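Asks: Okay, handing you the structure first.
There are 2 protein chains.
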Amino acid sequence: MGATKTEHFTDKQNTIAAMAKALGHPARVAIVEYLMKVNECICGDIVNELPLAQPTVSQHLKELKNAGLIKGTVEGNSICYCIDEKAIEKMQVYFANISGKLTKMKNKCC
Amino acid sequence: MGATKTEHFTDKQNTIAAMAKALGHPARVAIVEYLMKVNECICGDIVNELPLAQPTVSQHLKELKNAGLIKGTVEGNSICYCIDEKAIEKMQVYFANISGKLTKMKNKCC
DNA sequence: ACTCTTTATCGTAATATTGCAATATTAAAT
DNA sequence: ATTTAATATTGCAATATTACGATAAAGAGT
Chain P
4 MGATKTEHFT DKQNTIAAMA KALGHPARVA IVEYLMKVNE CICGDIVNEL PLAQPTVSQH
64 LKELKNAGLI KGTVEGNSIC YCIDEKAIEK MQVYFANISG KLTKMKNKCC
Chain C
4 MGATKTEHFT DKQNTIAAMA KALGHPARVA IVEYLMKVNE CICGDIVNEL PLAQPTVSQH
64 LKELKNAGLI KGTVEGNSIC YCIDEKAIEK MQVYFANISG KLTKMKNKCC
């Protein structure tokens, strides 16, 4: 075997896992941080910014897009990528929820 | 090749990526959520809770622990696992930061 | 039409992950 | 000391990810 048993988990769990997985690589974290830094949307500058070949960056962008973390808009022959605010917010709320519940019950453990 | 080029990225980026990667699997999301639900620390009930064999759960726990998301304390012959509040908070702050910066600059893009 | 620029896709090698049966480890209980 | 219970580790097959060279696709500019 070796295939992830997605069907055994809830949609929300799978969604969170998918977004987390997309950020589970330093290159993709770096891409998101760069997109945040430059504010306005950017395309292949990322290739110049990162120590990775163009196809590799393209692949990482694809995964971030599939997970819904970034959006891409065609603009002439180039493509404008940017962070999808909603996705980031979803993650933030998710962790805030856990964090909140933990502090509320004083997390007395171990 | 095929090995992640961790050395090209910052420590923080690698840490965030490692924590995100640990949550990048629905089973591990489910484990964290279960740990949160039961409040008091739990060990092998997780095996009963999830549709996975004991070795598989053990492996997932190991990865969550390596990423610093959970803590495990030996308690007799069983082991008490629980969420590491600090790690969750780190993630929460990280996403809150991005989210905050995006809304501040109105994220005009795409 | 041709060229240039930009991005995506294909193909492939190296490596990592996933899942579990079998087995080992460790400590409590008898 | 033996048994029992709870976890961890090993070994292995199936699958997924990572990275990149080569190539394709698609629009802009000449």
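These protein sequences, in sequence, are chains P and C.
Residue 20 in this note's numbering sits at position 17 of the first sequence, with consecutive numbering throughout.
Residue 38 in this note's numbering sits at position 35 of the second sequence, with consecutive numbering throughout.
Don't be surprised by glycine CBs; every beta carbon is placed ideally from N, CA and C.
No experiment lies behind these values; they were computed from the predicted model shown.
#1: Under a three-way DSSP split, which group does C/E66 fall into?
#2: Mind checking whether C/V35 and C/I86 have CB atoms under 8 Å apart?
#3: Could you tell me whether any Cβ in chain C is nearer than 8 Å to the Cβ of P/L105?
#4: Apply the 10 Å Cβ neighbour rule to P/M94 and answer buried if 16 or more other Cβ atoms are within range, or exposed otherwise.
#5: Out of curiosity, what's the CA-to-CA distance linking P/N51 and P/Y84?
#6: Between the Cα of P/G79 and those of C/E43, C/C113, C/K8, C/A25, spot the shortest distance and give me the residue it belongs to.
#7: For the stretch 56–102 of chain P, which segments carrying the alpha helix (DSSP H) assignment without a break, of at least 4 residues, lie completely within its bounds, in sequence order?
#8: Which residues of the stretch 30–54 of chain P have a Cβ closer than 8 Å to any Cβ of chain C? Give them in chain order.
#9: Is there contact between the stretch 7–18 of chain P and the stretch 37–49 of chain C, where contact requires at least three CB pairs shorter than 8 Å?
Replies: Straight from the coordinates:
#1: Helix at C/E66.
#2: By the CB criterion at 8 Å, C/V35 and C/I86 fall inside the cutoff.
#3: yes
#4: buried
#5: Rounded to whole angstroms, P/N51 and P/Y84 show a C-alpha spacing of 15 Å.
#6: Residue C/C113 holds the alpha-carbon nearest to the alpha-carbon of P/G79 among C/E43, C/C113, C/K8, C/A25.
#7: As for any alpha helix (DSSP H) of minimum length 4 sitting wholly inside the stretch 56–102 of chain P, the runs are 57–69, ordered along the chain.
#8: A30, R31, V32, A33, V35, E36, M39, N42, E43, C44, L53, P54
#9: no
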